[in-house]
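Under our numbering, the first residue of the sequence shown carries the number 92, and numbering increases by one thereafter.
Glycine is no exception: its CB is placed at the ideal position from the N, C-alpha and C atoms.
Just so you know, these numbers come straight off a predicted model, no measurement behind them.
Working notes, beginning with the structure itself.
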Amino acid sequence: MRVLVVGSGAREHALCLGLAADPSVTALVCAPGNAGTGAVAEQRGVDATDPVAVTALAQDVRADLVVIGPEAPLVAGVADAVRAAGIACFGPSGEAARLEGSKAFAKDVMAAAGVPTAAARVCSTAEEAEAALDEFGPPYVVKDDGLAAGKGVIVTDDRAAALEHAVACGRVVIEEYLDGPEVSLFCVTDGDAVVPLLPAQDFKRIGDGDTGPNTGGMGAYAPLPWLPDGLVDDVLATVARPTVAEMARRGMPFSGLLYVGLALTARGPRVVEFNARFGDPETQVVLALLETPLAGLLSAAATGALANHPPLRWREGAAVTVVVAADGYPGPPRTGDVLTGADQTGVVHAGTRRREDGAVVSTGGRVVSVTAVGADLAAARDRAYDLVERVHLPGGQFRRDIALAAVEGRVRVPGLP
Ligand code: AMP
Ligand code: GLY
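Below is the structure:
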């Protein structure tokens, strides 16, 4: 099978590593890619959000399967164009990707499907925003309605700051605050059958102890030793399957990766967000533990054959990833710094490019994420932090507490002992 991966982040590097390990993959191309994907895949230039250009590239490399990594190409209809050319594609249509692309649309689908989520109001004026803020009270949760790379959300006790964000965004979703640990559950689907991957946890805030502004994600681990029994089956039955069924009912079947972001509250799991693609950095840890050949799984989803796919196999143990971000992130990052140690096994590249002299140079906010597996979470964590010390980015920042509360048994689900 010849596979084209579209995108240039850590998720795409992790996907390339997984696909390269699948013996059924005879050719692997990544476009536009980064310094890491260039080491495992043929690198091609492309504007990832241009449906015509991506389709032409897929034809040029004679791809049997196109895997679209990021949300922006999905929302732009790249998967539609690739499929229209008769090539199997992992990723939802532009219409279905609105589950991620519009928070208001996602809320509407959840309401129709009876999926538990935070009560919310869609607001387009300052008056509406003020009324919603006062209805729900602090902590205030204000979300930009459109795509914002994980940074369009603020959670704050400061009413004036919440209102300012709402006005600056224009159309927002203001919702009730959900209290409880977060879980990311990736569900592979062909629009009908749904196969869950291992639950993972992401760390959204820039600072240790969950302080500072939200980011795209600063680290992750899997599996979750503190997860209540039956939680995955419960989320499949109450969230993933009803959502996929509701999308099919609307005539916009969702195939690809349904990323279910949950908060485990005292009243049960509640959806915080849907994404229409693999999450970063959770992908790094989930795929590090997947033993089942990845191309076979993604291809089954892309061709409507998921119901016949064998059960997934996972390796024993745990995985931890720690993101190294550039100086300034999540604000405008400093770029152009030379990284050392970035070619080691376990270093998954995000915002990097290789200079002509072979040096790896930073090009974005999240630069690399260092991933390790171990016999248990503590061992995986120790390895990841050992490796982080051997990667150097001038001005680089990383959290020191990824997976720490879980290793120390300090993660509590409200309402459970
Ligand atoms: P989102 O882009 O919707 O995932 O929001 C980004 C992050 O903001 C989430 O991962 C949560 O940490 C936080 N967040 C979003 N919605 C809520 C909510 N209703 N209650 C508490 N925290 C939230
Ligand atoms: N890890 C959060 C995201 O991918 O949106």
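Q | residue 363 versus residue 261: straight-line alpha-carbon distance, rounded | A | 21 angstroms
(Q) Rounded to whole angstroms, what is the Cα-Cα separation between residue 177 and residue 163? (A) 22 angstroms
Q: Please report the Cβ distance between residue 132 and residue 96, rounded to the nearest whole angstrom; I am assuming they are in contact, meaning their Cβ atoms lie under 8 angstroms.
A: 7 angstroms
Q: Quickly, what does DSSP pair residue 122 with across the bridge? List them, please.
A: According to DSSP, residue 122 bridges with 97.
Q. Alpha carbon to alpha carbon, how far is residue 79 from residue 412?
A. No statement about residue 79 is possible, as the shown extent of the chain runs from 92 to 508 and does not include it.
**Q.** residue 234 - containing beta strand (DSSP E), residue span
**A.** Per DSSP, residue 234 belongs to the beta strand (DSSP E) from 231–235.
**Q.** Segment contact, 8 angstroms Cβ cut-off, at least three pairs: the segment 305–321 with the segment 403–417
**A.** yes
Q: Go ahead and pull the three-state DSSP assignment for residue 386.
A: helix
Q. Terminal residues of the continuous alpha helix (DSSP H) containing residue 400?
A. No alpha helix (DSSP H) holds residue 400; DSSP gives it neither H nor E.
Q: Excluding the 5 residues preceding and the 5 following residue 198 in the sequence, name in chain order all residues of the same chain whose CB lies nearer than 6 angstroms to its CB.
A: 211
Q: Compare the beta carbon distance of residue 136 and residue 165 with 8 angstroms and say whether it is the shorter of the two.
A: no
(Q) By the DSSP assignment, the alpha helix (DSSP H) with residue 298 in it spans what residues? (A) Per DSSP, residue 298 belongs to no alpha helix (DSSP H); it is in the beta strand (DSSP E), 296–298.
**Q.** Where residue 333 sits in the DSSP three-state scheme
**A.** helix
Q: Kindly indicate which three-state DSSP category residue 351 falls into: helix, strand or coil?
A: Three-state result, residue 351: strand.
(Q) Using the three-state DSSP reduction, which class does residue 394 fall into: helix, strand or coil? (A) Shown here, residue 394 sits in coil according to DSSP, grouped into three states, outside any helix or strand.
Q) If you measure from the CB of residue 273, is any heavy atom of the ligand AMP nearer than 7 angstroms? A) yes
Q. DSSP state of residue 476, grouped into three classes?
A. helix
Q | Three or more C-beta pairs below 8 angstroms linking the segment 355–373 and the segment 427–438 | A | no
Q: Closer than 6 angstroms by C-beta to residue 253: which residues in its own chain qualify, once you throw out the five before and the five after it? Chain order, please.
A: 224, 231, 233, 247
Q) Mind checking residue 366: buried by the 16 CB within 10 Å criterion, or exposed? A) buried
Q) In its own chain, which residues sit with a C-beta less than 8 angstroms from the C-beta of residue 156, not counting the 5 before and 5 after it? A) Here the set comprises 92, 93, 94, 95, 178, 179, 180, 181, 386, 389, 390, 393.
Q. For the ligand NAP, any of its heavy atoms closer than 7 angstroms to the Cβ of residue 373?
A. Ligands present in the displayed structure are limited to the ligand AMP and the ligand GLY, and the ligand NAP is not among them.
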